[in-house]
Amino acid sequence: MRAAEPVKTERHDVGAGQHHTNTGVRPVHTYREHAHGLFVARDFVAHPRIRAWQAHLLPETGVQVCRYDFHGPREHDHYIDVATITREGDLWTVRDHYLDIVVHDGMAAEIVDTDELVAAHEAGFIGAAELCRAVATAHRVVSGLVRARYSVPEWLAGQGVHVEWLSTPETVTV
């Protein structure tokens, strides 16, 4: 069992063009608000595996859908964070609920970090209601991905959510 860690809370200050993470403040080159949430794209400077990151914060869906541009071979197509996403003016907050879903388009989806969620709950970092909401969201997402043949765009479209990504050398706009 992993050691418990406090809930990771990130902030996106759209007005300032800044992504506040647990490791510091990073400049963001693209923020774009849309009908279902917020799109964000930024570079990862001096990261050993990741060149850039794009994400759609989807408050009503309870997830942040991410795409990474890796230096080497693609490790996965989408990485979905189960989270509570709120907005106050230009400030968007993402409260991570530990559970993540790794998606290999057209092949598989896997819930990961269940041990982190359980450890955090046992340590009192996350309450029972939030834990239950996280588990229910993760299972709803995976069930939807199964019905959509592990296609994130198809799963989102089934909910009336259409998102766009920036083109990169290793990704294609969907």
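Residue 11 is where the sequence shown starts when you use our numbering, and the numbers rise one by one after that.
Note that CB positions come from ideal geometry on N, CA and C, so glycine has one too.
Predicted, not measured: the structure shown is a model, and the values here were computed from it.
Check: Which residue or residues does DSSP assign as beta-bridge partners of D106?
Finding: Your numbering for residue 106 matches position 96 in the sequence shown. When beta bridges are read from the DSSP output, D106 appears opposite A93.
Would you mind working out which of A26, F49, V112 and R105 sits nearest D87, comparing C-alpha positions? Translated into the one-based positions of the sequence shown, residue 87 becomes position 77. For the residues A26, F49, V112 and R105, the minimum Cα distance to D87 belongs to V112.
Q) If you run the structure through DSSP and keep just helix, strand and coil, what is E120? A) The count along the sequence shown starts at 1 and reaches residue 120 at position 110. Three-state DSSP puts E120 in a strand.
Next item on the list: Could you tell me which residues DSSP pairs with D23 in its beta bridges?
Entry: Taking the sequence shown and counting its residues from 1, the one referred to as residue 23 is at position 13. For D23, which the question treats as bridged, DSSP gives the partners Q28 and L101.
_Alpha-carbon spacing of L141 relative to N32, whole angstroms_ = Counted from its first residue, the sequence shown places residue 141 at position 131. Counted from its first residue, the sequence shown places residue 32 at position 22. Pairing L141 with N32, the inter-Cα distance amounts to about 21 Å.
Note the first and the last residue of the continuous beta strand (DSSP E) segment covering R61. As a first step, residue 61 is located in the sequence shown; it is residue number 51 there, counting from the start. In the DSSP assignment, R61 falls within the beta strand (DSSP E) that extends over I60 to L68.
### Query
Taking DSSP as the reference, what is the three-state secondary structure of V162?
Residue numbering aside, residue 162 sits at position 152 when the sequence shown is read from its first letter. In the three-state scheme derived from DSSP, where H, G and I count as helix and E and B as strand, V162 is classed as helix.
Residues near V182 by beta carbon distance below 6 Å, same chain, minus five either side: Position 172 of the sequence shown, counted from the start, is the residue given in the question as residue 182. In this prediction, V182 has a pLDDT of 38, which is less than 50 and means its spatial position is unreliable; what the coordinates show is noted afterwards. Excluding positions up to five away in sequence, the list is empty.
**Item:** A148 - containing alpha helix (DSSP H), residue span
**Value:** What you label residue 148 is simply residue 138 of the sequence shown in a count that begins at 1. Unbroken alpha helix (DSSP H) run through A148: A138 to R157.
Item to check | Y78 beta carbon less than 7 Å from that of W63 | outcome: Counting from one through the sequence shown, the residue named residue 63 turns up at place 53. Counting from one through the sequence shown, the residue named residue 78 turns up at place 68. Yes, these two residues count as a Cβ contact at 7 Å.
| field | Given Y108 as reference, the closest of R59, G99, Y89 and E98 once Cα atoms are compared | value | Your numbering for residue 108 matches position 98 in the sequence shown. Closest by alpha carbon: Y89.
* **Nearest candidate by alpha-carbon position, reference D23, set R42, E15 and V17** => Counting from 1 along the sequence shown, the entry for residue 23 is found at position 13. The shortest C-alpha separation from D23 is found at R42.
Next on the checklist: At the level of alpha carbons, what is the spacing between R97 and L48?
Outcome noted: Here residue 97 refers to the residue found at position 87 when the sequence shown is read from its first residue. Here residue 48 refers to the residue found at position 38 when the sequence shown is read from its first residue. Distance between the alpha carbons of R97 and L48: 10 Å.
Fill in: Nearest-angstrom beta carbon gap, T71 and V171 [assumed within contact, 8 Å]
Translated into positions along the sequence shown, residue 171 becomes position 161. Translated into positions along the sequence shown, residue 71 becomes position 61. 7 Å between Cβ atoms; contact.
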